Structure formats: C-alpha cells, structure tokens
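Working notes for the structure below.
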Amino acid sequence: MADSLPAAGPYAGLGKIGLICPSTNTSIEPEFHRMAPAGLAVHVARAFQDGPQAPALYRQIAENVEGAARDLGSARVDVVAFGCTSCTYFFPGEVLTEAMTRMTGAPAVLTSDAVVAGLQALGARRIALATPRTDFVNRRETEWLAEQRFEVVSVEGLQLGKTASERAGIGRVPLETTCELARRVDRPDADAVFISCTNLPSLDLIERLEGELGKPVVTSNQATFWRCLRAMGSTIPVEGYGRLLTRH
C-alpha cells in the first residue's frame with residue numbers, strides 16, 4: 018500500500034527540507050517555517066551540544082550531525098541542511114556533507130557555504146559582519162571569510178556564547194538589539210551586511226535594514242533557506258525577507 022501512495026503527501030507538494038540544528042537553537046526552526054511557501058514542508062532534527070566554548074564543542078556538534086541526518090533520512094527529505102554558521106569554521110565541512118548525504122540520499126547544505134553563495138549572488142565582496150558571538154568565534158569567522166575571498170571591513174559581536182546557557186540565550190536577543198548592532202557595524206564601503214548565527218532572531222529585520230542602509234542584508238537562516246530551495250531546483254521567489262530570496 019505504502020509504495021502506491023503519492024511521494025510528497027498533501028503537505029509537501031513542493032518538497033521536503035530536512036533541517037539539522039544545534040540542540041540549543043530555537044530560532045532557525047520558526048524562521049524556516051515562516052519563509053516556507055505553502056506546499057514546502059520543513060522537518061527538523063537536533064544535534065546535541067553542551068559544554069564551554071572551545072573547538073571541542075564544535076566537534077561534539079559535528080559528531081551528532083550524522084545521527085540527526087539518519088533520522089531525517091527516514092522522512093525521505095529532498096534536501097538536508099545543517100543550520101549552524103560557526104561549526105564549519107572549526108570542523109571540516111566536507112566531512113559533514115558526506116555524512117548528511119550518505120544518511121539521507123539527498124543533497125546537503127551547510128550554512129557557511131550558503132552564506133558564501135548568497136553573498137556571491139548579490140555581488141558582495143566587502144562585508145560588514147554582525148554577530149552575537151564572542152571574539153573567539155568572530156576572529157575565526159573573519160579569517161574564514163577572508164579564505165573565501167571576502168574582505169571583512171568591520172565586525173562587532175554581542176560577546177555571547179561562552180556556555181550552553183548563553184548559546185541558548187542568543188535565541189532571546191531582542192530584535193531591536195540586533196537591528197542596532199547591524200546599523201553600528203555597517204560602513205559606507207561595505208557591499209553587504211551579514212548578520213551571522215542561526216540562533217539570532219533576525220528575519221523581520223532584513224527588509225527594514227535593506228531600506229535603511231541601501232544595501233543587501235544577508236542572514237544565516239535566510240541564506241541557508243535560499244540555498245535549500247536552489248538545491249531542490251526551485252526558483253520560486255519568497256517575498257518579505259530580503260533581496261536574496263526575492264531577486265536571486
């Protein structure tokens with residue numbers, strides 16, 4: 018009987034995104050659901066994390082991605098995304114994508130790669146970087162973006178994330194705090210503002226900031242969602258969340 022049923026089901030005519038997020042993240046899931054047009058389903062699994070901020074923390078998250086991908090594979094998702102910006106600054110991304118595709122049979126998307134592709138699609142090379150993170154992460158993020166041939170013209174972080182409790186707290190940062198952070202970090206010579214971190218609420222700020230600053234604003238969740246659509250072969254514009262989703 019099961020093999021005779023439609024592949025997508027009544028809620029997923031456009032397809033199914035499998036989303037893996039760190040266990041303390043409470044922002045990427047609701048933001049993905051809000052961006053998803055009718056007929057696109059989002060299914061979520063979590064990669065457990067705990068402990069102090071250190072390279073070992075990111076190894077711990079990465080080691081739990083495979084199990085989360087296995088669980089999503091049983092839902093027959095069409096694409097699988099790992100929604101964590103900073104993990105692949107400290108852990109090889111190709112190891113993650115190999116495990117994700119092996120476990121699901123679907124193309125794999127990493128937030129860090131999605132951000133690079135999104136900035137390139139917008140023609141941005143000089144980046145103003147706004148993050149909730151500590152200098153420990155921000156320094157590595159700046160180095161990583163330079164390795165991808167971007168110039169970070171300014172960077173500012175909220176210095177959150179030393180503990181699991183602080184990392185969970187990033188999801189409770191008020192929108193106006195993030196908005197002010199983006200305004201402060203912007204520079205006239207920046208081609209785009211990148212608001213980093215998949216747990217930092219920012220979806221409702223994108224179009225407001227683009228209007229105020231007169232340049233593209235890319236966020237970790239917006240770019241990851243955009244990359245998932247492209248991996249699924251979708252060119253449907255998504256309105257309300259910035260130039261990347263409406264024009265590219």
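Residue numbers (the numbering used here): 18 to 265. Quick reminder that beta carbons are idealized off the backbone N, C-alpha and C, glycines included. Quick caveat, the model's predicted, so the values are computed rather than measured.
Residue i classed as buried or exposed, judged by whether at least 16 other C-beta atoms fall within 10 angstroms
| i | result |
| --- | --- |
| G178 | buried |
| S182 | exposed |
| D95 | buried |
| F211 | buried |
| R184 | buried |
| R264 | exposed |
| F167 | buried |
| Y258 | buried |
| F65 | exposed |
Proximity test, Cβ basis, 8 Å: residue i and chain B
| i | result |
| --- | --- |
| T43 | The structure shown has no chain B; it contains just one protein chain. |
DSSP-derived helix/strand/coil call for residue i
| i | result |
| --- | --- |
| H60 | strand |
| P39 | strand |
| A79 | helix |
| E168 | strand |
| L22 | Note on L22: pLDDT 47, under 50, position unreliable in the model; no value is reported. |
| I253 | coil |
| L261 | helix |
| Q239 | helix |
| A181 | helix |
| F211 | strand |
| L198 | helix |
| A85 | helix |
Integer Cβ distance of residue i from residue j, believed to fall under 8 Å
| i | j | result |
| --- | --- | --- |
| V97 | I37 | 7 Å |
| V170 | R200 | In fact, because the Cβ distance is near 15 Å, the residues do not count as touching under 8 Å. |
| N155 | V172 | 6 Å |
Range covered by the beta strand (DSSP E) that runs through residue i
| i | result |
| --- | --- |
| T148 | R143 to R150 |
| E236 | Correcting the residue identity first, residue 236 is Thr in this sequence and not Glu. Run containing T236: V234 to T236, per the beta strand (DSSP E) assignment. |
| F99 | V96 to F99 |
Residue span of the alpha helix (DSSP H) that contains residue i, given as start and end
| i | result |
| --- | --- |
| V133 | T128 to A138 |
| Y106 | C104 to F107 |
| F65 | Here F65 belongs to no alpha helix (DSSP H), and DSSP marks it neither H nor E. |
| R119 | G110 to T121 |
Assess, as a yes-or-no matter, whether the segment 114-131 is touched by the segment 143-157 under the definition of 3 or more beta carbon pairs within less than 8 Å.
No, because fewer than three Cβ pairs between the segment 143-157 and the segment 114-131 fall closer than 8 Å, the two stretches do not touch.
Are the segment 77-97 and the segment 56-69 in contact at 8 Å, needing three or more beta carbon pairs?
Yes: the two stretches touch, three or more of their Cβ pairs being nearer than 8 Å.
On the three-pair Cβ rule with 8 Å, is the segment 71-82 touching the segment 100-109?
Contact between the segment 71-82 and the segment 100-109 is present, because at least three Cβ pairs lie under 8 Å.
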